[in-house]
Amino acid sequence: MYISTPSVQSVAATIPVPSTMDPRSLLAPLHLLSFSTLLGSQIYQTFLVTKICYVSLPRSAFTTLQKRLFPIYFRSQSLLLILTAATIPSQGPLTLIANKAAWIPFTVAGVTAALNWWVYGPRTRQIMIERTHQETRDGLQKQITDEDVVEAPSLEMQRIQRSFKRNHAMSIHLNLLTIGAMLWWGWKLASSLNLELK
């Protein structure tokens with residue numbers, strides 16, 4: 053008995069090509085992964101790590117940790133934001149451009165994250181270093197004077213403290229605006245999901 057076998061060309065023509073071969077089908081999973089990593093790291097760093105370190109560490113150790121941690125945080129935040137914006141389904145950045153409701157939160161988050169990465173993060177870090185040096189100088193001066201007298205901070209320290217408070221507050225508010233914009237996007241994204249059990 054003879055059984056005919058189909059040719060390679062006819063088999064290839066009848067096998068359906070899975071839709072996962074289309075690069076656009078990868079956008080949704082990549083977008084969800086990058087968005088969840090972005091929002092999760094923002095919330096974790098802002099509300100857990102900073103709070104726990106502030107309460108648990110001595111001020112000098114906390115300052116040293118923050119000087120090293122926040123430049124990495126702001127850089128990662130900006131890069132994850134770019135990746136999240138680039139992977140918006142269904143057409144990536146074209147979807148972002150065409151949909152006003154999509155680009156507003158990304159514009160807000162992008163501007164605020166960039167300001168923290170390039171302006172207020174480095175400024176705050178530099179002022180923290182200046183404050184540490186000024187504390188050392190003021191401490192040396194206090195050792196020379198009568199130790200029983202409680203002195204007010206030096207004029208230079210007062211200037212540094214004002215500058216630190218202003219820049220640090222701006223950095224905090226920019227970070228909260230970035231988180232708020234991503235929560236806005238997360239709400240929009242979650243309301244557009246179609247969750248069906250198959």
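Residue numbers (this note's numbering): 53 to 250. Ideal placement from N, C-alpha and C gives every residue a C-beta, glycine not left out. In this text, all values refer to a predicted model and were calculated from it rather than measured experimentally.
Check, Outcome
"Residue from W170, A165, G238 whose Cα sits closest to the Cα of H225", "A165"
"Cβ pair F158, L148 closer than 8 Å", "yes"
"For D190, three-class secondary structure by DSSP", "helix"
"Euclidean distance between Cα positions of L85 and S223", "26 Å"
"Inter-residue spacing [alpha-carbon to alpha-carbon] between I140 and K119", "33 Å"
"For G238, the three-state DSSP class (helix, strand or coil)", "helix"
"Rounded separation between V129 and F87 - CA only", "What sits at residue 129 in the sequence shown is Gln, not Val. Cα to Cα, the separation comes out at about 10 Å."
"Helix, strand or coil at I212 according to DSSP, with G and I counted as helix", "helix"
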